[in-house]
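The sequence shown maps to residues 2 to 367 in this note's numbering. Note that the Cβ used here is the ideal one computed from N, Cα and C, for glycine as well. A quick note: this is a predicted structure, and the numbers were derived from the prediction, not measured.
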Amino acid sequence: MKDSWLRRNGLILISGVVVGVAALVLTWAGNPKNMGFCIACFERDIAGALGFHSAAKVQYLRPEIVGIVLGSTIAALGFREFKGRAGSSPACRFVVGLWVMIGALVFLGCPLRMVIRLGGGDLTAVAGLLGFLAGILVGIVFLKRGFSLGRAYPVKLGEGMMIPGVMALLLALLLAAPGLLKFSEEGPGSMHAFWGISLVAGLVVGALAQRSRLCMAGGLRDGFLLRDFTLLTGFLAIWVTMTIGNLILGSYNLSAQSQPIAHSQYLWSFLGMALAGWGSILLGGCPLRQLILAGEGNGDSAIAVFGMIVGAAIAHNFGLAGNADSVVDGTYQVGGIGNAGKIAVVLGFAVLLAVSLSHLPGKEDA
Numbered sequence: 002m003k004d005s006w007l008r009r010n011g012l013i014l015i016s017g018v019v020v021g022v023a024a025l026v027l028t029w030a031g032n033p034k035n036m037g038f039c040i041a042c043f044e045r046d047i048a049g050a051l052g053f054h055s056a057a058k059v060q061y062l063r064p065e066i067v068g069i070v071l072g073s074t075i076a077a078l079g080f081r082e083f084k085g086r087a088g089s090s091p092a093c094r095f096v097v098g099l100w101v102m103i104g105a106l107v108f109l110g111c112p113l114r115m116v117i118r119l120g121g122g123d124l125t126a127v128a129g130l131l132g133f134l135a136g137i138l139v140g141i142v143f144l145k146r147g148f149s150l151g152r153a154y155p156v157k158l159g160e161g162m163m164i165p166g167v168m169a170l171l172l173a174l175l176l177a178a179p180g181l182l183k184f185s186e187e188g189p190g191s192m193h194a195f196w197g198i199s200l201v202a203g204l205v206v207g208a209l210a211q212r213s214r215l216c217m218a219g220g221l222r223d224g225f226l227l228r229d230f231t232l233l234t235g236f237l238a239i240w241v242t243m244t245i246g247n248l249i250l251g252s253y254n255l256s257a258q259s260q261p262i263a264h265s266q267y268l269w270s271f272l273g274m275a276l277a278g279w280g281s282i283l284l285g286g287c288p289l290r291q292l293i294l295a296g297e298g299n300g301d302s303a304i305a306v307f308g309m310i311v312g313a314a315i316a317h318n319f320g321l322a323g324n325a326d327s328v329v330d331g332t333y334q335v336g337g338i339g340n341a342g343k344i345a346v347v348l349g350f351a352v353l354l355a356v357s358l359s360h361l362p363g364k365e366d367a
């Protein structure tokens, strides 16, 4: 029985451990603390590097995102799983991806960073975890009622290779024409590992996530719906690896105050991640999973990724994203989000409800 369990869960456990180690290494090499890897934050930084938003502290073309997509592509091609496909409600996927990003930036992190923050002792992330669970459960209600964005159809190779091609172009810009990009001189965007370390980490994580189907939203969905916790063990492995690593490195800080790039507006952390969780279920995977699927040739996931990048630009251009708690002149100041961000979260729930209801089976489908 034990061997059978290991055979079923070995790859996903290894993937989780490797992601955790990669996050620790990247943090040691220069990435922001309690981050290492964050799909939402890094896509936001890429949006800034391309000039899509003007928030000077979050602008850097993160090679980790490039590596994740290309690592997935290489693994998919190597195992003959690369398939160009598209046509499953692309406009809805773009819009849902946009709101998933806004929800994540209200919290200040994607599901992956949420687990990484928990592994560093960040108790403010507990509100995000509870919200993510709530959003997953709402999405499952609609799945049980037959929600579907439709099926994807085979497309030509060029369509499937579009986002890997875009990522390769971005890497070329970073290395050959950095003058065309924007770079932060302070703040999280200025904190980054050497590009080669970041790229290799992304390639390894992308390849392993492609093989193991690593996805937190999918893991929770499968756990609640099917009592299958295989995918979820990967994120538990990330959590344990981060906790052990931070304890060894002396960087574990069990506290709800003074956590790196985090805020203590718990209600809005909860609601932001609830929005991200619900949207992830509608899309069929969390932000990391969308990158992996896009690398496999899924044009619909590529559209969701583009929606997330646009969502990051909107969040910072219109002041929707969260602000971290800080200490100013010895006084602790709570960050969080302003009224515009709160309105955006409520509007996001309305949009996801409309998408959910409009894609339930009707009488004509009976």
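query, result
"Coil, strand or helix - VAL329 by DSSP", "strand"
"Neighbourhood of CYS111 by C-beta, 8 Å cutoff - its chain only, sequence neighbours within 5 removed", "CYS39, ILE40, ALA41, CYS42, ALA105, ALA277, CYS287, PRO288 and LEU289"
"Validate contact between the stretch 89 to 98 and the stretch 193 to 213 using beta carbons, cut 8 Å, 3 pairs", "no"
"Close-in-space but distant-in-sequence residues of the same chain around LYS58 (CB under 8 Å, 5 per side omitted)", "SER185, GLU187, GLY188, PRO189, GLY190 and SER191"
"Integer Cβ distance of LYS34 from PRO261, believed to fall under 8 Å", "4 Å"
"Neighbourhood of VAL347 by C-beta distance below 7 Å, restricted to the same chain and skipping five residues each side", "none"
"Inter-residue spacing [alpha-carbon to alpha-carbon] between LEU7 and LEU14", "9 Å"
"Exposure label - PHE307; buried when at least 16 CB within 10 Å", "buried"
"Cβ-based neighbour list, LEU109, same chain, cut-off 7 Å, excluding 5 preceding and 5 following", "ILE262, ALA263, HIS264, GLY323 and ALA325"
"Beta-carbon spacing of GLY300, ALA76 below 9 Å", "no"
"Cα-Cα separation between GLY31 and HIS360, rounded to whole angstroms", "44 Å"
"C-alpha gap between LEU268 and LEU226, whole angstroms", "27 Å"
"Segment contact, 8 Å Cβ cut-off, at least three pairs: the stretch 167 to 176 with the stretch 58 to 72", "yes"
"Among VAL22, GLY11, PHE133 and LYS84, nearest to ILE245 - alpha-carbon criterion", "VAL22"
"DSSP bridge partner residues for SER256 (one or two, in chain order)", "ASP123"
"Residue burial classification, ILE344 (beta-carbon count within 10 angstroms, cutoff 16)", "exposed"
"CA nearest to the CA of LYS145, picked from ALA355, ASP223 and ALA316", "ASP223"
"C-alpha gap between GLY84 and LEU284, whole angstroms", "According to the sequence displayed, residue 84 carries Lys and not Gly. Cα to Cα, LYS84 sits roughly 18 Å from LEU284."
"Cβ pair PHE53, ILE310 closer than 9 Å", "yes"
"Length of the line joining the Cα atoms of LEU1 and GLY151", "No information on residue 1 is available, as it lies outside the stretch 2 to 367 that the chain covers here."
"Euclidean distance between Cα positions of VAL356 and LEU221", "21 Å"
"Rounded separation between VAL335 and LEU204 - CA only", "37 Å"
"Burial state of ALA194, where buried means 16 or more other Cβ atoms lie within 10 Å", "buried"
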